[in-house]
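Colleague: When you line the first sequence up against this note's numbering, it's residues 1 to 406, in that order. Let me give you the structure first, and then I'll get to my questions.
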Amino acid sequence: MSSLRFSITSREGMARAGTLGTPHGEIQTPAFVPVGTKAGVKGILPSILESLGAQVVLANTYHLYLQPGEQIVKDAGGLGTFMDWKGPTMTDSGGFQVFSLGAAFGRTITKIAKGEELPRDQGMAVYDQEVQSQHGQLAVIDDQGVTFTSHHDGSLHRFTPERSIEIQHALGADMFFAFDECTAPTEPYEYQKEAMERTHRWALRSIKAHRQNIEASRTQAIFGIVQGGRHTDLRKESAKEIASLGFDGIGIGGSFSKEDMRGALQAAIPELPDELPRHFLGIGEPGDVLTGIAEGMDLFDCVAATRLGRHGTIYTKRGPITLTNEKHRTEFMPLDPETLVPGTEGFTRAYVSHQLRSHELLGQIIASMHNLGFIIQLVDGAREAIHEGRFATYREDFIRNYYGTV
RNA sequence: GCGUCGGUGGUAGAGUGGUCAAUUACACGACACUGUAAAUGUCGCGGCUUCGGCCUACGAAGGUUCGAAUCCUUCCCGGCGCA
C-alpha cells in the first residue's frame, strides 16, 4: 500500500536507526532534512547539498502554489526534477502558514515558546473573512479550511485539506503532509484542543483525498500530523487518533514551550505504530534534534541552519557564535575547529565575518553550508552511535559541550 | 581681491528662532531567529545620571533675543563666477 519501505535495524532505548526506502532512493534514519521552501535550499546548490550529506529535501505547498504555481512544477516533472535534486523529496502542506501568517503574523511569537510565556486569555478561530484586516493576519481559519491573503500581492486564496493534497499531488514529492492547523504556543488549552480536533477532521479528509488518487497513492506517501500543543493529554489523544487513520508516516507538529517539548513527545510516541517513520516538523536546534532522536523520532527538518547562517550565526561544538560580532573579525581560525564541513574547511572566521559584514552572498553561502553540514553530521553521528549502542553518551557529550550543561 | 553659495553627530544628508542632543539612511555595537512574509527583524549609537534631569555640542569668536543649529558681525575653511 505505502510507497515507502521503512525498516529499523538498531535501537537504543527509545532511539532507533534504520532505512527509509522511497521511489527516489534510500534515507538512512535518523536524518536531517534541509528545508528548500520554494524548491531551493537558500544559498545551497543541490550538488553542494549532496556533498554535505543531505539525503532528502523538504519544500512548501503554500509557497510553490503561489509561485510559480503547482502546474509549472508538475509540468517540469515534479519537485525533484524541477529543482534538479535527484534524491527523495517532501512537501509540507501549508499547515505551518496557518500559524506563521495567522496568529504569528506581525508578532514576535515563534513556534517554540520561551520559558514561562503564558497562554493568551482566549484564542478562538476567526470565521469571518471581513474581519481579517482587523486581526492583522494573512491567514484566517474556519472549520472547512484556511483563507490566505497572499504575502506577494494581497490576493485571496483558500486552502482546504482536499486542495492542499491536490497541490501536493501536483508537486509530486515522495512524502507529504496532511493539512493541519499549527497553533501558536501561546494559545490556551481550550483552543489547543479545538484546533487539534479540527486537525483530526482535516487529517481524515486529507488521507481520503489522497487514497482517492490511486496513481498518487502508488508513488507518494502521506504523513498525518499529531498536534496538541504542550499538553500531554492532548498529545496522547492526538497521536492515538492520527495513528488510527492509516497514514504512511507520522509527523509531530505544532508548538511547544522549550521545557515541554520532551514531555509532548513522550506522551505521543507510545501511541504511534512502531513501524511507521516519524517526522519532527520544524525541529530544530542541535539539542532539540538529539532530544527528538532520543525519544524515537526519525526525521527532522528545520530552517534554523540556513537562516541562522544567512543572518551571521554559525554552529560550533562549543555553542553557536555570531560571526558578525566584532570579536570575530580577527579570528584567523576555522569556523569550528572541531567540525570539518566539506567545502568550507579552508575558511576562517575572520574571512567569513568579513564576507557577511560586507553583505557578500558568499558569506551567507559559506555560513549556511557550514550550519547545514554541522547539523547533518550531528544527526549522522547520532545514527552511527545508535548502531553502535553509544547514543546516550554521544548525546550527553554533545549537550555538555554545546550548552555547557547536561 | 570682489561677488556668491556653503560649512550639522563616523559618513551622506534633513532641519533654518522655542516642540533639537537634532528627521532619515548607511556605518558601527548588541540581541533575536526551530514545518522560511526572513540576504530578515528589534534595540542602542555625545557624556554623566539618585533616571527627574544635568553638562557639552550643529566651523571659530562675539552679538541680538526670555530663548539660537537656525538672525547679525568678524574671522577661518571649501565650491563656483569675475578680475
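Cβ coordinates follow ideal geometry from the N, Cα and C atoms, glycine included.
Quick one: residues in its chain with C-beta nearer than 7 Å to the C-beta of Ala15, no 5 flanking neighbours on either side, listed in chain order?
Modeller: The residue you call residue 15 lines up with position 15 of the first sequence. Correct list, in chain order: Ile293, Ala294, Gly296, Ile386, Phe391.
Colleague: How would you call Thr81, buried or exposed, if buried means at least 16 neighbouring beta carbons within 10 angstroms?
Modeller: Locating residue 81 in the first sequence gives position 81, where the first residue counts as 1. Answer is exposed; the Cβ neighbour count stays below 16.
Colleague: How many angstroms separate the CA atom of Tyr403 from the CA atom of Gly319?
Modeller: Counting from one through the first sequence, the residue named residue 403 turns up at place 403. Counting from one through the first sequence, the residue named residue 319 turns up at place 319. Between Tyr403 and Gly319, the C-alpha separation is close to 6 Å.
Colleague: Leaving aside the five residues before and after Thr324 along the sequence, list all residues of the same chain whose C-beta is less than 8 Å from its C-beta, in chain order.
Modeller: Reading the first sequence from its first residue, position 324 is the one you call residue 324. Contacts found: Gly312, Ser353, Leu356, Arg357.
Colleague: Rounded to a whole number of angstroms, what is the C-alpha to C-alpha distance between Leu378 and Val57?
Modeller: Taking the first sequence and counting its residues from 1, the one referred to as residue 378 is at position 378. Taking the first sequence and counting its residues from 1, the one referred to as residue 57 is at position 57. Their Cα atoms are separated by approximately 17 Å.
Colleague: Can you tell me the Cα-Cα spacing of Glu396 and Leu101, whole angstroms?
Modeller: Taking the first residue of the first sequence as position 1, residue 396 is located at position 396. Taking the first residue of the first sequence as position 1, residue 101 is located at position 101. Between Glu396 and Leu101, the C-alpha separation is close to 37 Å.
Colleague: If you reduce the DSSP assignment to three classes, tell me which class Arg286 lands in.
Modeller: Working through the first sequence from its first residue, we reach residue 286 at position 286. In the sequence as presented, Arg is not what sits at residue 286; that position holds Pro. Helix.
Colleague: Does DSSP put Pro161 in a helix, in a strand, or in coil?
Modeller: What you label residue 161 is simply residue 161 of the first sequence in a count that begins at 1. If DSSP states are grouped into helix, strand and coil, Pro161 belongs with the helices.
Colleague: The beta strand (DSSP E) spanning Gln28 covers which residue range?
Modeller: Position 28 of the first sequence holds residue 28. Segment 25 to 29, the beta strand (DSSP E) holding Gln28.
Colleague: CB Ser3 to CB Pro23, shorter than 8 Å?
Modeller: Walking along the first sequence from the start, residue 3 turns up at place 3. Walking along the first sequence from the start, residue 23 turns up at place 23. It is a contact, given that the beta carbons lie within the stated cut-off.
Colleague: Taking one C-beta from the stretch 136 to 147 and one from the stretch 156 to 169 each time, how about it: are there three or more such pairs within less than 8 Å?
Modeller: Enough Cβ pairs lie closer than 8 Å, so yes.
Colleague: Just verifying my parser: in three-state terms, what is the DSSP assignment at Arg310?
Modeller: For this step, residue 310 is matched to residue 310 along the first sequence. Helix, per DSSP.
Colleague: Using DSSP with H/G/I as helix, E/B as strand and the rest coil, what is Ala305?
Modeller: Here the question's residue 305 lines up with position 305 in the first sequence. Three-state result, Ala305: helix.
Colleague: Distance, Cα to Cα, Leu335 vs Ser155?
Modeller: The residue given as residue 335 occupies position 335 in the first sequence. The residue given as residue 155 occupies position 155 in the first sequence. Cα-Cα distance, rounded: 43 Å.
Colleague: Cα separation between Gly389 and Ile27?
Modeller: Position 389 of the first sequence, counted from the first residue, corresponds to residue 389. Position 27 of the first sequence, counted from the first residue, corresponds to residue 27. Using only the alpha carbons, I get a separation of about 20 Å.
Colleague: CA-CA distance, Gly53 and Gly229?
Modeller: The sequence position of residue 53 within the first sequence is 53, counting from 1. The sequence position of residue 229 within the first sequence is 229, counting from 1. Distance between the alpha carbons of Gly53 and Gly229 is about 32 Å.
Colleague: Would you mind sorting Asn401 into buried or exposed? The rule is 16 or more other CB atoms within 10 Å of its CB.
Modeller: As a working mapping, residue 401 is identified with position 401 in the first sequence. Flag for Asn401 reads exposed.
Colleague: Using the C-alpha atoms, what's the distance from His169 back to Gly69?
Modeller: For this step, residue 69 is matched to residue 69 along the first sequence. For this step, residue 169 is matched to residue 169 along the first sequence. For Gly69 and His169, the distance between alpha carbons rounds to 13 Å.
Colleague: Does DSSP put Glu12 in a helix, in a strand, or in coil?
Modeller: Locating residue 12 in the first sequence gives position 12, where the first residue counts as 1. Residue state, collapsed to three classes: strand.
Colleague: Give the C-beta separation of Val226 and Ala239 to the nearest angstrom, bearing in mind that I take them to be a contact with Cβ-Cβ under 8 Å.
Modeller: By 1-based counting over the first sequence, the position of residue 226 is 226. By 1-based counting over the first sequence, the position of residue 239 is 239. With a Cβ gap of about 5 Å, Val226 and Ala239 count as contacting.
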